[in-house]
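One structure below.
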Amino acid sequence: MVAVAILAAGRGTRMKSDLPKVLHSLGGRSLVERVLDSCQLLNPEKQIVIFGYQGEKVKQALSDRPNIEFVEQKEQKGTGHAVQQLIPYLKEYSGDLLVLNGDAPLLRPETLHQLVQTHQRENNAATLLTAHLPNPYGYGRVFCDGSNLVNQIIEERDCTTAQRKNRRVNAGIYCFNWQKLLAALPKLSNSNDQQEYYLTEVVDYLNPVMAVDVEDYWEISGINDRQQLATAYDILQARIKDKWMKAGVTMINPDSITIDETVQLEPDVTIEPQTHLRGNTFVGGSSRLGPGSLIENCHIGENVTVLYSVVTNSEIEPDTTIGPYAHLRGEVKVGKSCRIGNFVELKKTSLGENTNVAHLSYLGDASVGDRVNIGAGTITANYDGVKKHQTIIGSGTKTGSNSVLVAPVTLGEDVTVAAGSVVTKDVPDECLVIARSRQKEIKGWRIKTDSQQSSVTSHQ
Ligand code: UD1
Ligand code: CA
Numbered sequence: 001m002v003a004v005a006i007l008a009a010g011r012g013t014r015m016k017s018d019l020p021k022v023l024h025s026l027g028g029r030s031l032v033e034r035v036l037d038s039c040q041l042l043n044p045e046k047q048i049v050i051f052g053y054q055g056e057k058v059k060q061a062l063s064d065r066p067n068i069e070f071v072e073q074k075e076q077k078g079t080g081h082a083v084q085q086l087i088p089y090l091k092e093y094s095g096d097l098l099v100l101n102g103d104a105p106l107l108r109p110e111t112l113h114q115l116v117q118t119h120q121r122e123n124n125a126a127t128l129l130t131a132h133l134p135n136p137y138g139y140g141r142v143f144c145d146g147s148n149l150v151n152q153i154i155e156e157r158d159c160t161t162a163q164r165k166n167r168r169v170n171a172g173i174y175c176f177n178w179q180k181l182l183a184a185l186p187k188l189s190n191s192n193d194q195q196e197y198y199l200t201e202v203v204d205y206l207n208p209v210m211a212v213d214v215e216d217y218w219e220i221s222g223i224n225d226r227q228q229l230a231t232a233y234d235i236l237q238a239r240i241k242d243k244w245m246k247a248g249v250t251m252i253n254p255d256s257i258t259i260d261e262t263v264q265l266e267p268d269v270t271i272e273p274q275t276h277l278r279g280n281t282f283v284g285g286s287s288r289l290g291p292g293s294l295i296e297n298c299h300i301g302e303n304v305t306v307l308y309s310v311v312t313n314s315e316i317e318p319d320t321t322i323g324p325y326a327h328l329r330g331e332v333k334v335g336k337s338c339r340i341g342n343f344v345e346l347k348k349t350s351l352g353e354n355t356n357v358a359h360l361s362y363l364g365d366a367s368v369g370d371r372v373n374i375g376a377g378t379i380t381a382n383y384d385g386v387k388k389h390q391t392i393i394g395s396g397t398k399t400g401s402n403s404v405l406v407a408p409v410t411l412g413e414d415v416t417v418a419a420g421s422v423v424t425k426d427v428p429d430e431c432l433v434i435a436r437s438r439q440k441e442i443k444g445w446r447i448k449t450d451s452q453q454s455s456v457t458s459h460q
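Here our numbering is used: the first residue of the sequence shown is 1, the next is one more, and so on.
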């Protein structure tokens, strides 16, 4: 049985922010949410968040997560003081307690699982995660005997120069036998450089305390400032990209690509430089995205090409090409084998199969059939200044260059719209519609030069 407590009461002074540190976002999720997510594999008995600085904001940010209990630390007098707040709250509890710093968002669920397993197998009073860092600056140093049993943890600022040379650091992730911790917590003092009650001091009163090393030390990175936040994002991205490359996705210049954890990719997708995949996006096999594209919350079928384009909240069926320089800005559905070309903007529009909108068009609030050719510069005038209106274009219809379809308007099937038309009335099936003034020729007309104009005046 394991309960989880997350320390999230600190302000995070080094972030220089109005927002509590644990609410800073890393790849779409806050630090504290990430820490909570990393515990889910343990199926915790309880999930307790210790809040303090701007606690209402922290509670609010977690309000839609089930089964979170909140315990307040009114004044922030250190990590040990934070855990002391649990004393009245968990008096009856007899299992283990996993304590996590709220600012360690890169932990893998498997690592926590392993920590708890070791703790229970060895019947330790406490088991903590450690790592050997090339640059241990800022972390508490862990001093062990030969067999990973911990003697002492000393904070960087309380270390002697010799002690600082120890590169084995405390991750701030601990599994405790709660009843034993309960007996140790009241013994904490604040006789250290910061005059805070350090949780790490309980090591002096518990036995045995064991250290477990993480292999990948990036996992334990604590976020204390914006640089560390940026580095954590890079680490997260590297993990996501490695996973997809192993699963059969090609990336060209992966450093220039970003992919949210929520994105799903099929094998043989190719992602070209400067392409960003966000939110709830799925991409089917053999599709080629980029260079230079942003795709957010989209379902993209197989063998689709998106080149230098922005596509959001849309659905693209297989074998369609998009771009260069197209903008599909929401609630767009494009059927199979369509071509959306240069400088085309689509909004709340559905296209059937084999339909082309190849150049310089805006279609908004439109429903377009199969095999339609939207000529260059065709625009749906969907907004009358007050309301948006629908345009319906039947299958097989062709619009001439520079036509304006003034909504609400319906063009039937196999309609041809003459170039330059302004269509304001519905058009039945199989018609040619010409809605522009007829061309006139005036014989012998020519522009008058300045001298001719002055000679005209002189005759008067
Ligand atoms: C802490 C550890 C250090 C470890 C490091 C790992 C102690 C004394 N030191 O140091 O050994 O190497 O984490 O990252 O524990 N918090 C509260 N209430 C408080 C103070 C802090 O809830 O009164 C929370 C913070 O919101 C944060 C976490 O505890 O999520 C850690 O606090 P922080 O000040 O970042 O500790 P470090 O100095 O990094
Ligand atoms: Ca920290």
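C-beta atoms are modelled at their ideal positions from N, C-alpha and C, and glycine is treated no differently. Small disclaimer: the values here were computed from a predicted structure and weren't measured.
Residue of the options minimising C-alpha distance to residue i
i: L128; options: Y205, M210 and V269; result: M210
i: L19; options: R436, E56 and K77; result: E56
i: P408; options: D365, R339 and I6; result: D365
i: E430; options: T424, W445, G396 and S401; result: G396
i: I393; options: Y383, K387, R371 and N402; result: R371
i: E413; options: S421, G369, V404 and W445; result: G369
i: V49; options: V2, L100 and Y308; result: L100
i: L115; options: P186, Q195, V2 and E155; result: V2
i: V214; options: I173, D158, P208 and S25; result: I173
i: S287; options: R226, E266, G78 and N166; result: E266
i: P134; options: H359, P291, R239 and D216; result: D216
i: P324; options: P66, N43, L360 and E353; result: L360
i: D384; options: R329, T424 and Y308; result: T424
i: A125; options: L185, T416 and V249; result: L185
i: L206; options: G140, M245 and N123; result: N123
i: R157; options: V417, S147, Y139 and N148; result: Y139
Contacting residues, own chain, Cβ-Cβ under 6 Å from residue i (five flanking each side not counted)
i: S362; result: Looking at the sequence itself, residue 362 is Tyr, so the reference to Ser does not match. Correct list, in chain order: E345 and I379.
i: V263; result: L277 and T281
i: H327; result: V310 and E345
i: L98; result: V2, V4 and C175
i: G375; result: T399, G400 and S401
i: I322; result: V306, S309 and I340
i: T275; result: I257, L289, G290 and S293
Cutoff 7 Å; reference residue i; Cβ partners in own chain excluding five residues on either side
i: Q179; result: S94
i: G301; result: G284, I316, E317 and P318
i: V142; result: T130, V150, I153, R168, V169, N170 and A211
i: I442; result: none
i: A232; result: L26, P105, L106, S221 and I223
i: M15; result: K21, H24, D225 and R226
i: I240; result: I259 and E261
i: D426; result: V409 and T410
Beta-carbon separation (whole angstroms), residue i vs residue j, contact threshold 8 Å
i: H119; j: C39; result: Not really, about 14 Å apart at Cβ, beyond 8 Å.
i: R278; j: D255; result: The pair is not a contact, with the Cβ atoms about 17 Å apart (cut-off 8 Å).
i: G80; j: V169; result: The Cβ separation is near 18 Å, so there is no contact.
i: A8; j: V58; result: 6 Å
i: V35; j: L23; result: No, V35 and L23 are not in contact; Cβ-Cβ is about 12 Å, not under 8 Å.
i: L188; j: P109; result: Not really, about 30 Å apart at Cβ, beyond 8 Å.
i: D96; j: N177; result: 6 Å
i: C338; j: T355; result: 5 Å
i: G292; j: I271; result: About 11 Å; that fails the 8 Å criterion.
i: V71; j: Q54; result: Wrong, their Cβ atoms sit about 16 Å apart, outside the cutoff.
i: E219; j: K77; result: That pair is no contact at about 28 Å.
Residues near residue i in its chain [Cβ-Cβ closer than 8 Å; skip 5 each side]
i: G420; result: G400, S401, N402, S403 and R436
i: K74; result: G52
i: Q460; result: A caution first: Q460 carries a pLDDT of 43, below 50, which makes its placement in the model unreliable, though a value can still be read off. Answer for Q460: no residue qualifies.
i: E353; result: E317, G335, K336, S337, C338, D370 and R371
C-alpha distance - residue i paired with residue j, whole-angstrom precision
i: D64; j: L236; result: 24 Å
i: N303; j: Q390; result: 30 Å
i: I223; j: G335; result: 45 Å
i: K348; j: A61; result: 31 Å
i: L199; j: E331; result: 51 Å
i: V386; j: Q439; result: 34 Å
i: T457; j: N342; result: Low local confidence applies: a pLDDT of 48 at T457 is under 50, so the model's placement there is unreliable, with the coordinate-based value given in what follows. Near 51 Å, if we compare the C-alpha coordinates of N342 and T457.
i: A463; j: Q163; result: The requested residue 463 is not part of the displayed model; the chain covers only 1 to 460.
i: A381; j: V310; result: 22 Å
i: C159; j: I257; result: 42 Å
i: L229; j: V422; result: 54 Å
i: E155; j: S191; result: 12 Å
i: E45; j: K91; result: 15 Å
i: I68; j: Q47; result: 5 Å
i: T320; j: T305; result: 7 Å
i: H165; j: C144; result: The sequence shown places Lys at residue 165, rather than the His named in the question. If I take the Cα positions, the gap works out to 14 Å.
i: L461; j: K243; result: Outside the shown range of the chain, which is 1 to 460, sits residue 461, and nothing can be said about it.
i: K388; j: I252; result: 41 Å
i: Y137; j: S17; result: 22 Å
i: E461; j: K333; result: Absent from the model: residue 461. The displayed extent of the chain is 1 to 460, so no value can be given.
If you measure from each CB to the nearest heavy atom of ligand 2 and keep those under 6 Å, what residues do you get, in chain order? Going by the Cβ distance cut-off, the answer is N101, D103, G222 and N224.
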